[in-house]
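To start, the structure itself, in structure tokens.
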Amino acid sequence: MSEDKITGTLVFAVLTAVLGSFQFGYDIGVTNAPQQVIITHYRHVLGVPLDDRKAINSYAINSTEELPTGPYPGDPTPTSWAEEETTASASLIIMLWSLSVSIFAIGGMIASFFGGMLGDRLGRIKAMLVANILSLVGALLMWFSKLGPSHILIISGRGISGLYCGLISGLVPMYIGEIAPTKFRGAIGALHQLAIVTGILVSQIIGLDFLLGNHELWHILLGLSAVPAVLQSLMLFFCPESPRYLYIKLDGEAKARKSLKKLRGSDDVTKDITEMRKEREEASSEKKVSIIQLFTNSSYRQPILVALMLHMAQQFSGINGIFYYSTSIFQTAGISQPVYATIGVGAINTIFTALSVFLVEKAGRRSLFLIGMSGMFVCAIFMSVGLVLLDKLPWMSYVSMTAIFLFVSFFEIGPGPIPWFMVAEFFSQGPRPAALAMAAFSNWTRNFIIALCFQYIADFCGPYVFFLFAGVVLVFTLFTFFKVPETKGKSFEEIAAEFQKKSGSAQSPKAAVEMEFLGATETV
Numbered sequence: 028m029s030e031d032k033i034t035g036t037l038v039f040a041v042l043t044a045v046l047g048s049f050q051f052g053y054d055i056g057v058t059n060a061p062q063q064v065i066i067t068h069y070r071h072v073l074g075v076p077l078d079d080r081k082a083i084n085s086y087a088i089n090s091t092e093e094l095p096t097g098p099y100p101g102d103p104t105p106t107s108w109a110e111e112e113t114t115a116s117a118s119l120i121i122m123l124w125s126l127s128v129s130i131f132a133i134g135g136m137i138a139s140f141f142g143g144m145l146g147d148r149l150g151r152i153k154a155m156l157v158a159n160i161l162s163l164v165g166a167l168l169m170w171f172s173k174l175g176p177s178h179i180l181i182i183s184g185r186g187i188s189g190l191y192c193g194l195i196s197g198l199v200p201m202y203i204g205e206i207a208p209t210k211f212r213g214a215i216g217a218l219h220q221l222a223i224v225t226g227i228l229v230s231q232i233i234g235l236d237f238l239l240g241n242h243e244l245w246h247i248l249l250g251l252s253a254v255p256a257v258l259q260s261l262m263l264f265f266c267p268e269s270p271r272y273l274y275i276k277l278d279g280e281a282k283a284r285k286s287l288k289k290l291r292g293s294d295d296v297t298k299d300i301t302e303m304r305k306e307r308e309e310a311s312s313e314k315k316v317s318i319i320q321l322f323t324n325s326s327y328r329q330p331i332l333v334a335l336m337l338h339m340a341q342q343f344s345g346i347n348g349i350f351y352y353s354t355s356i357f358q359t360a361g362i363s364q365p366v367y368a369t370i371g372v373g374a375i376n377t378i379f380t381a382l383s384v385f386l387v388e389k390a391g392r393r394s395l396f397l398i399g400m401s402g403m404f405v406c407a408i409f410m411s412v413g414l415v416l417l418d419k420l421p422w423m424s425y426v427s428m429t430a431i432f433l434f435v436s437f438f439e440i441g442p443g444p445i446p447w448f449m450v451a452e453f454f455s456q457g458p459r460p461a462a463l464a465m466a467a468f469s470n471w472t473r474n475f476i477i478a479l480c481f482q483y484i485a486d487f488c489g490p491y492v493f494f495l496f497a498g499v500v501l502v503f504t505l506f507t508f509f510k511v512p513e514t515k516g517k518s519f520e521e522i523a524a525e526f527q528k529k530s531g532s533a534q535s536p537k538a539a540v541e542m543e544f545l546g547a548t549e550t551v
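So the sequence shown is residues 28 to 551, counted in this note's numbering.
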């Protein structure tokens with residue numbers, strides 16, 4: 028059908044939108060490569076003496092145990108005043124660096140609640156333009172951080188960039204989901220995640236020491252996200268507004284038709300208009316649902332708890348730990364430049380996210396999620412065995428390396444992109460905005476928790492840390508098998524019935540809200 032064509036205007040609009048997702052990924056990964064360079068600059072700005080520098084370097088390379096906070100065991104004399112001052116200064120630098128990284132997630136947590144609201148109030152295009160103001164401000168603060176109090180400017184810039192990414196994490200999927208033809212909505216929706224991992228990979232590559240991750244150019248590396256922000260802002264002026272926003276929110280059928288004709292490359296947009304009319308009727312008959320009602324109303328409680336568990340599975344699976352450990356494992360394996368192997372992990376991440384764009388059109392959501400989680404469980408076991416036996420059997424490092432690459436591959440096949448699809452498909456028009464806001468907030472919150480706690484978990488568990496993650500992945504795999512329904516090709520009524528069957532409820536489902544908007548009637 029003409030409505031299911033991929034047109035030049037559609038490609039341009041989707042690529043423009045996912046430039047925001049690319050910035051999101053770039054901001055996630057950009058602080059990894061130049062960590063030591065930036066910490067050195069913090070020391071210089073704050074005047075931390077040389078002895079302190081050794082302590083901080085030891086901490087960054089090893090763990091918090093390298094930084095004594097009191098007398099050494101067996102030493103009856105108190106720590107000298109000079110040593111206390113050294114430890115305090117080192118702790119201050121470490122705290123400032125941790126804040127530089129984690130405040131990004133705090134900004135995302137706060138802003139994730141407002142993406143949908145901003146999109147409804149201003150329109151999808153204007154909302155992305157306004158969000159880019161935050162991106163530019165954050166990038167410019169970091170760009171000029173070398174000229175002033177760098178720790179203050181970087182922390183401020185990272186926080187503002189986090190606010191931008193919190194908004195974008197709602198706005199981009201919303202816009203590309205609304206402009207995509209029904210047939211391609213699943214694949215086009217997965218491009219958000221693909222752009223994120225591409226941004227992470229690009230930040231890893233240009234963060235190499237001989238490019239921008241050095242003492243002269245690190246500030247440019249941090250501020251470079253201003254480039255896609257400016258580019259996207261210019262391109263947005265040529266993108267059509269979401270027809271769904273124009274028709275359902277503004278009641279502007281003529282404008283919606285004009286937008287659809289551009290996106291579909293056809294004058295016959297009756298199918299889309301009919302679909303939107305039906306959706307508007309459903310929306311007008313269904314009241315908006317608050318976040319509190321998601322948990323207090325029995326019709327929504329089971330879907331929202333399952334949705335939050337899927338996001339918990341994504342964040343607590345150990346994927347962040349993989350990126351934390353990969354460089355040291357590659358180093359142990361005798362690779363002279365382990366940073367390149369870590370970039371290899373990023374490349375695998377990107378390739379398999381691209382693969383998921385095609386797989387999501389062929390296989391069911393639940394099936395892909397289960398395949399991904401099961402594969403990650405096996406890989407986590409092999410990774411742990413490799414780490415535990417590394418001292419006795421040096422070749423075990425290659426087992427761990429292989430397991431890392433496969434773990435990342437399985438993550439991007441299922442648990443990486445799919446939770447975002449399924450949350451939208453669990454809910455009809457009334458509760459959907461609240462559910463998506465809650466999912467985004469919980470995802471950012473768990474991201475922050477992992478960023479804050481993983482160092483301590485890794486120090487406590489040592490090489491056994493991935494046995495812990497294997498256990499967590501197994502629990503979530505079993506939960507998915509028993510509690511998560513398949514959503515591909517089903518109407519909202521059918522999905523609601525599945526939930527009631529799994530929860531043992533005899534209550535009849537609400538009036539059907541067909542999932543055509545999300546492409547469930549075909550191949551989402």
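C-beta: ideal position from N, C-alpha, C; glycine also.
Checklist entry - Under 9 Å, do E452 and G399 count as touching if we go by C-beta distance? => result For the purposes of this step, residue 452 is taken as the residue at position 425 of the sequence shown. For the purposes of this step, residue 399 is taken as the residue at position 372 of the sequence shown. Against a cut-off of 9 Å, the Cβ pair of G399 and E452 comes out as no contact.
Checklist entry - Any idea what DSSP makes of D418, helix, strand or coil? => result What you label residue 418 is simply residue 391 of the sequence shown in a count that begins at 1. It is coil, neither helix nor strand.
Checklist entry - How long is the line joining the alpha carbons of S424 and A368, rounded to whole angstroms? => result Position 397 of the sequence shown, counting from 1, holds the residue named residue 424. Position 341 of the sequence shown, counting from 1, holds the residue named residue 368. Each residue's alpha carbon lies about 13 Å from the other.
Next on the checklist: Within a Cβ cutoff of 6 Å, which residues of the same chain sit near A564, ignoring the five residues on either side of it in sequence?
Outcome noted: There is simply no residue 564 to check, as the chain begins at 28 and stops at 551 in what is shown.
Next on the checklist: Quick check on the burial criterion: 16 or more other C-beta atoms within 10 angstroms. Buried or exposed for P421?
Outcome noted: Here the question's residue 421 lines up with position 394 in the sequence shown. With fewer than 16 other Cβ atoms within 10 Å, it is exposed.
Checklist entry - Looking at C-alpha atoms only, which residue of G402, V426 and M403 is the closest neighbour of V412? => result For the purposes of this step, residue 412 is taken as the residue at position 385 of the sequence shown. It is V426.
Checklist entry - What does a CB cutoff of less than 7 Å around F51 pick up in its chain, not counting 5 residues either side in sequence? => result Residue numbering aside, residue 51 sits at position 24 when the sequence shown is read from its first letter. Around F51: C192, I195, S196, I223 and G226.
Item to check | Opening and closing residue of the alpha helix (DSSP H) in which S260 lies | outcome: As a working mapping, residue 260 is identified with position 233 in the sequence shown. Note, S260: alpha helix (DSSP H), A253 to L263.
Checklist entry - CA-CA distance, I55 and A497? => result Here residue 55 is taken as the residue at index 28 of the sequence shown, counted from 1. Here residue 497 is taken as the residue at index 470 of the sequence shown, counted from 1. Those two C-alpha atoms are separated by around 25 Å.
Item to check | Backbone CA spacing between C266 and V41 [nearest angstrom] | outcome: For the purposes of this step, residue 266 is taken as the residue at position 239 of the sequence shown. For the purposes of this step, residue 41 is taken as the residue at position 14 of the sequence shown. Their Cα atoms are separated by approximately 9 Å.
Checklist entry - Rounded to whole angstroms, how far is the Cβ of L190 from the Cβ of A138, which I believe are closer than 8 Å? => result One-based indexing of the sequence shown puts residue 190 at position 163. One-based indexing of the sequence shown puts residue 138 at position 111. Contact holds; Cβ gap of about 4 Å.
Checklist entry - Per DSSP, what kind of secondary structure is H246 in: helix, strand or coil? => result Residue 246 sits at position 219 when you count from the first residue of the sequence shown. Reduced to three states, the DSSP call for H246 is helix.
Checklist entry - Based on Cα-Cα distance, which residue from K276, G345, S286 and P490 lies nearest to V500? => result In the sequence shown, counting from the first residue as 1, residue 500 sits at position 473. Of the candidates K276, G345, S286 and P490, the one whose C-alpha sits nearest the C-alpha of V500 is G345.
Checklist entry - In chain order, what residues of the same chain lie with their CB nearer than 8 Å to the CB of L395, ignoring the 5 residues before and after it? => result Your numbering for residue 395 matches position 368 in the sequence shown. These residues qualify, in order along the chain: S383, L386, V387, I440, G441 and I445.
Next on the checklist: Rounded to whole angstroms, what is the Cα-Cα separation between L495 and L417?
Outcome noted: Counting from 1 along the sequence shown, the entry for residue 495 is found at position 468. Counting from 1 along the sequence shown, the entry for residue 417 is found at position 390. If you take the alpha carbons of L495 and L417, they lie about 18 Å apart.
Next on the checklist: Would H338 and R473 qualify as a contact pair, given that the criterion is a beta-carbon distance under 9 Å?
Outcome noted: Position 311 of the sequence shown, counting from 1, holds the residue named residue 338. Position 446 of the sequence shown, counting from 1, holds the residue named residue 473. Contact flag set, yes.
Next on the checklist: Taking the alpha helix (DSSP H) that A44 belongs to, which residues open and close that run?
Outcome noted: For this step, residue 44 is matched to residue 17 along the sequence shown. Taken as a continuous stretch (DSSP letters only), the alpha helix (DSSP H) holding A44 covers G35 to G56.
Next on the checklist: Quick check on V316: does DSSP put it in helix, strand or coil?
Outcome noted: Sequence index remark: in the sequence shown, residue 316 carries index 289 (1-based). Residue state, collapsed to three classes: coil.
Checklist entry - Under 9 Å, do H246 and M303 count as touching if we go by C-beta distance? => result The count along the sequence shown starts at 1 and reaches residue 246 at position 219. The count along the sequence shown starts at 1 and reaches residue 303 at position 276. Not closer than 9 Å, so no.
Next on the checklist: Assuming L149 and Y69 are in contact, meaning their beta carbons sit under 8 Å apart, how far apart are those beta carbons, in whole angstroms?
Outcome noted: Taking the sequence shown and counting its residues from 1, one reaches residue 149 at position 122. Taking the sequence shown and counting its residues from 1, one reaches residue 69 at position 42. L149 to Y69, Cβ: 38 Å. No contact.
Checklist entry - Are T58 and Q220 touching if we call contact CB-CB under 9 Å? => result Here residue 58 corresponds to residue number 31 of the sequence shown, with the count starting at 1. Here residue 220 corresponds to residue number 193 of the sequence shown, with the count starting at 1. In this structure, Q220 does not lie closer than 9 Å to T58 by Cβ.
Checklist entry - Out of curiosity, what's the CA-to-CA distance linking M24 and R307? => result With the chain covering 28 to 551 only, the question about residue 24 has no answer from this structure.
Checklist entry - Roughly how many angstroms separate the alpha carbons of N347 and M403, rounded to a whole number? => result As a first step, residue 347 must be located in the sequence shown, where it is residue number 320. As a first step, residue 403 must be located in the sequence shown, where it is residue number 376. Straight-line Cα distance between these residues: approximately 13 Å.
Next on the checklist: On a Cα-Cα basis, can you pick out the residue from Q329, L180 and V199 that is closest to I65?
Outcome noted: Here residue 65 is taken as the residue at index 38 of the sequence shown, counted from 1. If we check each option's Cα against that of I65, L180 comes out closest.
Checklist entry - So, is I319 buried or exposed, given that buried needs 16 or more other C-beta atoms within 10 angstroms? => result The residue you call residue 319 lines up with position 292 of the sequence shown. Under this definition I319 is an exposed residue.
Next on the checklist: Taking the alpha-carbon of L174 as reference, which of D486, T43, H71 and T297 has the nearest alpha-carbon?
Outcome noted: By 1-based counting over the sequence shown, the position of residue 174 is 147. Among D486, T43, H71 and T297, the Cα nearest to that of L174 belongs to H71.
Item to check | Continuous alpha helix (DSSP H) assignments of at least 4 residues falling wholly in the stretch 188 to 245 | outcome: 212 to 233
Next on the checklist: Under DSSP, the alpha helix (DSSP H) around N159 begins and ends at which residues?
Outcome noted: Taking the first residue of the sequence shown as 1, we reach residue 159 at position 132. Taken as a continuous stretch (DSSP letters only), the alpha helix (DSSP H) holding N159 covers R151 to W170.
Checklist entry - Can you tell which of G371, I331 and I121 has the C-alpha that lies nearest to the C-alpha of F454? => result Your numbering for residue 454 matches position 427 in the sequence shown. Out of G371, I331 and I121, I331 has the C-alpha closest to the C-alpha of F454.
Item to check | Residue range of the alpha helix (DSSP H) that includes F496 | outcome: By one-based count along the sequence shown, residue 496 stands at place 469. Counting along the chain, the alpha helix (DSSP H) containing F496 begins and ends at V492 to K510.
Checklist entry - Whole alpha helix (DSSP H) runs in the stretch 266 to 334 with 4 or more residues, listed along the chain? => result 280 to 291, 297 to 312 and 318 to 323
Checklist entry - When the distance is taken between beta carbons, is L335 closer than 9 Å to Y327? => result Numbered from 1 along the sequence shown, position 300 holds the residue referred to as residue 327. Numbered from 1 along the sequence shown, position 308 holds the residue referred to as residue 335. Result no, Cβ atoms of Y327 and L335 do not sit closer than 9 Å.
Checklist entry - Can you round the beta-carbon distance between E205 and S252 to whole angstroms, since I take them to be within the 8 Å contact cut? => result Working through the sequence shown from its first residue, we reach residue 205 at position 178. Working through the sequence shown from its first residue, we reach residue 252 at position 225. Rounded, the Cβ-Cβ distance is 25 Å, inconsistent with contact.
Next on the checklist: Whole angstroms are fine: how far does the CA of S260 sit from the CA of G146?
Outcome noted: Working through the sequence shown from its first residue, we reach residue 146 at position 119. Working through the sequence shown from its first residue, we reach residue 260 at position 233. The alpha-carbon atoms of G146 and S260 are separated by roughly 16 Å.
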